[in-house]
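When we follow this note's numbering, the leftmost residue of the sequence shown carries the number 5, and every step to the right adds one. Some notes on the structure that comes next.
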Amino acid sequence: MLTDYSKWDRLEVSSSDGDSGSEDDAHPAAPRVTRLEAPSRITFGGGSPTIAASPPAPGPRASPAAAPLAPREAPAPEGTGAAGAPPGGNASAPSAWTERGGLVFVDAAAHGHRARNLYWSQDRYSVVLRLELEGAEKVGSVTVGGILPYRDRCAAAGTARPVLSAGSRDGTVLLEGELPHPVHLDEDEEVVDWSVEAAPSEATGRYLCVALRKAVPMQGLSVWWRRPLTEFPEADLGAIRGAELSKGGSDEFLRAWEEAHKVFREGKPKRLPRNGPGGP
């Protein structure tokens with residue numbers, strides 16, 4: 005039996021299940037790719053797929069420790085940097101200016117001018133104050149009310165404190181206050197020893213220099229000052245005297261001081277027995 009192949013000539017060859025005659029029928033089928041630029045979701049149904057973009061998920065939060073810190077300014081030291089604040093000490097001032105003493109700041113409000121540096125030093129017999137002067141400031145006078153004459157240098161008894169006063173020629177009070185201990189005049193002198201001196205080469209400025217002679221209640225005693233004026237806080241006596249200080253020496257001084265006050269009040273010297281309490 006012969007097979008009739010002419011019916012194959014009327015068949016249309018198509019690689020698609022879609023309608024015949026479309027433009028896609030003329031080309032081989034190819035996959036369609038849709039690029040999603042952001043996190044999205046695809047919903048099927050309702051005739052055609054729906055593509056909806058989802059909001060981006062929040063990224064990981066940086067740890068506070070990993071975040072860069074903004075630069076911070078160091079706080080200014082207390083009492084410095086503001087107008088009228090106490091000045092700093094002269095870093096190049098000679099060490100002799102503060103030997104067994106120190107550096108204090110004269111309060112501007114109390115003396116009617118800007119704060120000044122006041123250096124003070126001492127030895128067994130005297131105290132030296134050096135007060136900073138402003139520009140071409142001229143010193144007019146320096147006095148000490150209640151200063152003892154030279155003959156009473158070893159008989160300093162009583163409770164009254166001497167008062168130091170220094171003023172400029174235009175009437176400005178440069179320094180004024182109570183001294184913590186009695187002082188005396190030099191021999192054959194009637195005024196306080198003071199001068200204006202320029203700072204040595206390693207320092208700058210001009211200074212009023214006042215030399216005060218220590219008065220004591222009894223010959224052979226030494227009085228170590230803890231401050232130049234009573235308005236300033238007391239320094240540590242151990243730091244001032246160093247190895248010389250001992251509790252026994254301090255107690256001995258207090259006993260001698262009380263004895264001198266007692267003798268002063270009685271107005272006559274204390275008689276000591278030669279052979280003990282029962283002696284002649």
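Beta carbons are placed, not taken as given, at the ideal position from N, Cα and C, and that holds for glycine.
Taking the DSSP output, what are the residues bridged to residue i?
i: Phe109; result: Asn121
i: Val195; result: In the DSSP output, where bridge partners are listed per residue, Val195 has none listed.
i: Tyr211; result: Glu136, Glu201
i: Gln223; result: Paired residue(s): none; Gln223 is not in a bridge.
i: Ser96; result: Bridge partners of Ser96: none, in fact.
i: Arg217; result: Ser130, His188
i: Glu180; result: Ser169
i: Leu152; result: His188
i: Thr234; result: Paired residues: none, contrary to the question.
i: Thr147; result: Ser169
Which word fits residue i, buried or exposed, when buried means at least 16 other C-beta atoms lie within 10 angstroms of its C-beta?
i: Ser250; result: Annotation note: pLDDT 47 at Ser250 (below 50); position unreliable, coordinate value reported separately. That one is exposed.
i: Ala100; result: exposed
i: Pro204; result: exposed
i: Asp240; result: exposed
i: Ala170; result: buried
i: Ala97; result: buried
i: Ala30; result: Note on Ala30: pLDDT 49, under 50, position unreliable in the model; the coordinate value appears next. By the 10 Å Cβ count, Ala30 comes out exposed.
Which residue from the options puts its Cα closest to that of residue i?
i: Ser186; options: Cys213, Met222, Glu103; result: Note on identity: in this sequence residue 186 is Pro, with Ser being the wrong assignment. Residue Met222 is the option with its Cα nearest to Pro186.
i: Val148; options: Ala119, Arg104, Leu183, Arg118; result: Leu183
i: Leu216; options: Val177, Thr208, Trp228, Glu238; result: Trp228
i: Gly286; options: Gly209, Thr102, Arg230, Leu122; result: Past the boundaries of the shown model lies residue 286; the chain is included only from 5 to 284, so the question cannot be answered.
i: Val214; options: Val108, Glu103, Leu122, Ser96; result: Leu122
i: Gly175; options: Glu191, Asp190, Glu141; result: Glu141
i: Arg210; options: Glu103, Arg128, Gly139; result: Gly139
i: Leu168; options: Glu263, Thr102, Leu233; result: Leu233
Determine whether the beta carbon atoms of residue i and residue j lie at a separation below 7 Å.
i: Leu212; j: Val196; result: no
i: His285; j: Arg157; result: No answer is possible for residue 285: it lies beyond the span of the chain, which begins at 5 and ends at 284.
i: Ala161; j: Ala219; result: no
i: Gly150; j: Trp124; result: no
i: Arg120; j: Val110; result: yes
i: Val131; j: Phe236; result: no
i: Tyr154; j: Glu194; result: no
Between the stretch 223 to 242 and the stretch 140 to 147, are three or more C-beta pairs nearer than 8 Å?
no
Is the stretch 118 to 135 in contact with the stretch 166 to 183, if contact means three or more CB pairs nearer than 8 Å?
yes
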